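Reviewing the structure listed below.
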Amino acid sequence: MKIYTGGGDRGKTGLFSGERVAKSHLQVEAYGDVDELNSTIGSLAAVLPTKGADIGEQLRLIQSDLLHIGAWLATTPTAQPTALLEEFAADRVGFLENTIDRMEENLHPLSGFILPGGHVSSAAAHVSRTVCRRAERRVVALMEQLGSEQLPESWQQVLRYLNRLSDYLFVLARYCNHLTGVDEPLWKS
Amino acid sequence: MKQQIYTCELQQSTRLSAGTFELALSRPRDFTFQPGQRIRLLDRYRERDYSLVNAPADSSLRLCIRRVPAGSFTASLHAAATGSRFQFSGPHGYFVFRSTSRPAVFVATGTGIAPFASMARAKTRGFTLLHGVKSPDDLYYADLFHATAGTYVPCISGKASTAARWFHGRVTGYVEKELPPGTYDFYLCGRTEMIRDVTWLIDEHFPDSNVYSEIFF
Chain V
18 MKIYTGGGDR GKTGLFSGER VAKSHLQVEA YGDVDELNST IGSLAAVLPT KGADIGEQLR
78 LIQSDLLHIG AWLATTPTAQ PTALLEEFAA DRVGFLENTI DRMEENLHPL SGFILPGGHV
138 SSAAAHVSRT VCRRAERRVV ALMEQLGSEQ LPESWQQVLR YLNRLSDYLF VLARYCNHLT
198 GVDEPLWKS
Chain X
2 MKQQIYTCEL QQSTRLSAGT FELALSRPRD FTFQPGQRIR LLDRYRERDY SLVNAPADSS
62 LRLCIRRVPA GSFTASLHAA ATGSRFQFSG PHGYFVFRST SRPAVFVATG TGIAPFASMA
122 RAKTRGFTLL HGVKSPDDLY YADLFHATAG TYVPCISGKA STAARWFHGR VTGYVEKELP
182 PGTYDFYLCG RTEMIRDVTW LIDEHFPDSN VYSEIFF
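Residue numbers (our numbering), protein chains in the order written: chain V, 18 to 206; chain X, 2 to 218.
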């Protein structure tokens with residue numbers, strides 16, 4: 018089955034809400050960053066330590082959430098097709114917070130800055146974290162452009178989710194070093 | 002999320018043209034869909050998506066199927082006897098009609114007409130429909146669209162066509178040369194090449210229009 022039409026060969030693409038926009042459009046940049054984030058999380062899942070089976074399941078749920086987020090970002094908020102989208106609910110942020118809290122119970126309190134790295138899974142989690150922060154910045158810029166006070170509640174939850182996901186990935190990076198017995202690289206200023 | 006699997010029975014198989022037929026399947030009681038959506042027929046090894054051509058309120062599910070040369074899946078569907086049981090999942094897809102102030106232009110090639118038949122049967126009206134086929138014999142559902150479309154334009158690309166009531170050429174030719182300037186909601190369903198070419202024409206000639214597309218095989 019062909020997955021391509023070539024309709025985008027001249028630099029435009031179609032939003033889920035039907036508009037044809039330049040591929041440099043801020044909305045495309047935003048869901049593109051979320052797509053990139055999803056891919057890095059796939060890479061992270063592929064190098065998890067064997068003790069991290071439950072983390073693998075968490076990451077699959079997060080990847081599904083990110084696809085859901087991509088659909089919202091690809092739909093102009095005032096357009097009718099938003100009615101076709103499933104609400105992005107606040108409980109997804111709660112899921113992240115619960116998993117953060119559970120991992121942190123196993124970690125020493127931070128006494129200074131750490132350098133991204135250590136076990137390969139920890140390094141991968143840091144890459145995902147920084148891509149997540151970029152996606153968040155792009156979504157903020159998009160929301161400012163669209164007029165955030167008029168956006169559906171799901172957009173607010175998307176923003177909260179991306180903010181919390183960065184925190185999750187930071188803690189996960191530390192947790193991966195903990196699981197594998199690798200010392201956290203510390204910043205020696 | 003796990004997809005629900007439904008079971009249905011073949012009630013009737015009807016010839017539409019030399020290479021196309023319609024299947025009527027019993028409708029599971031709890032199955033609902035929106036006009037323009039697909040179901041996925043499943044067998045042990047394969048799965049194929051087909052848009053429903055009936056309205057959501059109809060008692061049977063109907064599929065418009067083109068026999069694919071050397072295609073064993075469509076061959077088995079074509080040969081299926083009344084009472085044969087099938088499994089399917091669905092509904093799938095978001096190719097549904099979205100009513101706006103912009104006029105709607107439906108563009109189909111071949112069996113890509115299927116979702117538009119469902120929309121028309123579900124009381125969508127006032128649309129312009131371009132149906133591209135090689136031969137007038139492939140203008141299935143013509144009566145339906147004569148009765149429901151604001152403008153119905155069969156586009157006949159084969160040499161056999163000489164009747165004045167059809168556009169002689171491909172749907173792309175009509176979009177480029179005949180469709181009045183304006184801002185539209187375009188719905189494209191058909192082969193990849195058509196979707197690509199019409200999308201480019203829209204970008205060039207109908208800026209600020211919306212485009213929804215569904216690749217059909």
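Every residue, glycine too, gets a C-beta built ideally from N, C-alpha and C. If you're wondering where the values come from, they're calculated on a predicted model, not measured in any experiment.
- Restricted to the region 5–89 of chain X, the alpha helix (DSSP H) segments that are unbroken, complete and at least 4 residues in length are 73–80, listed in chain order.
- Between Val-212 of chain X and chain V, the shortest Cβ-Cβ separation is below 8 Å.
- The count of Cβ pairs closer than 8 Å, one atom from the region 116–131 of chain X and one from the region 35–53 of chain X, reaches three, so the stretches are in contact.
- Ser-165 of chain V and Arg-154 of chain V have their C-alpha atoms some 14 Å from each other.
- Under the three-state reduction of DSSP, Glu-104 of chain V is assigned to coil, being neither helix nor strand.
- Contact between the region 64–71 of chain X and the region 175–192 of chain X is not established, with fewer than three Cβ pairs separated by less than 8 Å.
- As a beta-bridge residue in DSSP terms, Lys-29 of chain V pairs with V:Ala-39.
- Interface residue (Cβ-Cβ distance to chain X less than 8 Å): Thr-22 of chain V is classified as such.
- With a threshold of 8 Å between beta carbons, Tyr-7 of chain X makes no contact with chain V.
- Taking the Cβ atoms as the reference, Thr-93 of chain V lies roughly 6 Å from Glu-36 of chain V, within the contact range of under 8 Å.
- Within the model, the alpha-carbon separation for Glu-23 of chain X versus Arg-63 of chain X is close to 7 Å.
- DSSP places Gly-174 of chain X in no beta strand (DSSP E) but in the uninterrupted alpha helix (DSSP H) bounded by 172–178.
- Under the Cβ criterion (8 Å, minimum of three pairs), the region 195–202 of chain V counts as touching the region 65–76 of chain V.
- Here Gly-24 of chain V is buried. Its C-beta has 16 or more other C-beta atoms within 10 Å.
- In this structure, the straight-line span from the alpha carbon of Ser-52 of chain X to that of Tyr-7 of chain X is close to 16 Å.
- Taking 7 Å as the Cβ-Cβ cut-off, the region 179–193 of chain X approaches chain V at Asp-186, Thr-193, given in chain order.
- Listed along chain V, the residues sitting closer than 9 Å to Arg-99 of chain X by beta-carbon distance are Ser-34, Gly-35, Ala-96, Gln-97, Pro-98, Ala-100, Leu-101.
- Here Gln-162 of chain V has Leu-43 as same chain residues with Cβ atoms under 7 Å from its own Cβ, once five neighbours each way along the sequence are excluded.
- Identification of chain X residues near Arg-27 of chain V by a Cβ-Cβ cut-off of 8 Å yields Trp-201, Asp-204, ordered along the chain.
- If the five residues before and after Tyr-188 of chain X are omitted, its C-beta is found closer than 6 Å to the C-beta atoms of Phe-107, Tyr-213, all from its own chain and listed in chain order.
- Cα atoms of Asp-26 of chain V and Ser-102 of chain X: separation of roughly 29 Å, rounded to the nearest angstrom.
- Residue pairing of Ile-131 of chain V in beta bridges, as defined by DSSP: V:Leu-203.
- Residue V:Asn-115 holds the alpha-carbon nearest to the alpha-carbon of Leu-182 of chain V among V:Asn-115, V:Gly-49, V:Ala-91, V:Ala-39.
- At a cut-off of 8 Å, the C-beta of Tyr-51 of chain X has no neighbouring C-beta in chain V.
- Using a Cβ-Cβ cut-off of 9 Å, Gly-31 of chain V is close to Thr-200, Asn-211, Val-212, Tyr-213, Ser-214 of chain X, given in chain order.
- Around the beta carbon of Trp-204 of chain V, fewer than 16 other beta carbons sit within 10 angstroms, so the residue counts as exposed.
- At least one beta carbon of chain V lies nearer than 8 Å to the beta carbon of Tyr-95 of chain X.
- The DSSP-derived three-state label of His-132 of chain X is strand.
- Rounded to the nearest whole angstrom, the C-alpha separation of Leu-54 of chain V and Arg-41 of chain X is 30 Å.
- DSSP places Gly-191 of chain X inside the beta strand (DSSP E), whose first and last residues are 186–191.
- Straight-line measurement puts the Cα of Ala-25 of chain X at about 53 Å from the Cα of Thr-147 of chain V.
- At least one CB of chain V lies nearer than 8 Å to the CB of Arg-197 of chain X.
- Our two residues, Gln-12 of chain X and Thr-83 of chain X, have alpha carbons roughly 5 Å apart in a direct line.
- Between Met-160 of chain V and Leu-186 of chain V the beta-carbon gap is near 22 Å, outside 8 Å, which marks them as no contact.
- Note on geometry: alpha-carbon atoms of Gln-80 of chain V and Thr-57 of chain V lie some 10 Å from one another.
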